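Below is one structure, written out as structure tokens; the observations come after it.
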Ligand SMILES: [Zn+2]
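Residue numbers (my numbering): 71 to 265.
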């Protein structure tokens with residue numbers, strides 16, 4: 071199992087880092103880094119999305135339920151979130167099918183959640199007694215991003231499928247990470263010039 075280091079958290083928002091848990095170098099999104107439950111838990115530990123109570127809740131889930139079912143749901147949710155946000159990043163926003171499905175799911179997640187005081191204001195927290203609380207947490211995080219006023223800065227890497235908030239000025243960042251996709255893209259254009 072590979073380590074989750076800071077290179078896996080370049081999205082600028084926890085839900086983007088969740089969407090970026092694939093390691094394909096192109097847009098195919100077939101190589102998941104959270105294919106197994108321990109891998110997902112390791113990601114959750116490294117992410118800022120889960121509080122300590124929720125991290126403990128993940129351990130309990132493995133004892134109580136079939137985590138492969140939860141993982142299947144999480145993968146489906148991840149791809150739905152990716153499709154909706156990739157469209158927004160490409161400037162094709164609006165109420166598309168993916169966003170409509172997510173809106174229904176967000177509404178259900180909110181119904182099961184409560185507000186909890188946090189440093190930067192109140193946060194929605196899922197009901198840990200509900201079987202879908204992990205999905206709920208990921209939906210609440212998406213809801214936070216959708217309303218955060220940062221969406222205009224949402225971009226997709228010019229090479230892979232990772233999404234990130236471009237926090238620089240102007241057009242800024244084109245790659246999820248200069249040291250991976252950025253360098254590979256530079257090498258490719260260099261090689262193309264040689265021929
Ligand atoms: Zn990339």
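Yeah, the Cβ is synthetic: ideal placement off N, Cα and C, and Gly gets one too.
Treat the numbers as computed from the prediction; the structure is a model and nothing was measured.
- Taking the CA atoms as reference points, residue 243 sits about 33 angstroms from residue 107.
- The three-state reading of DSSP puts residue 163 in coil, since its state is none of H, G, I, E or B.
- Membership of residue 184 in the beta strand (DSSP E) is indicated by the continuous run 184–188.
- About 16 angstroms separates the CB atoms of residue 104 and residue 233; that is not less than 8 angstroms, and the two are not in contact.
- In chain order, 143, 144, 147 place their CB closer than 7 angstroms to the CB of residue 205, counting only its own chain and leaving out the 5 sequence neighbours on each side.
- Take the alpha-carbon of residue 239 and the one of residue 179: they are about 35 angstroms apart.
- Here DSSP, grouped into helix, strand and coil, assigns residue 102 to strand.
- For residue 226, the enclosing beta strand (DSSP E) stretches over residues 224–226.
- Look at residue 79 here: in three-state DSSP terms it is coil, with no helix or strand label.
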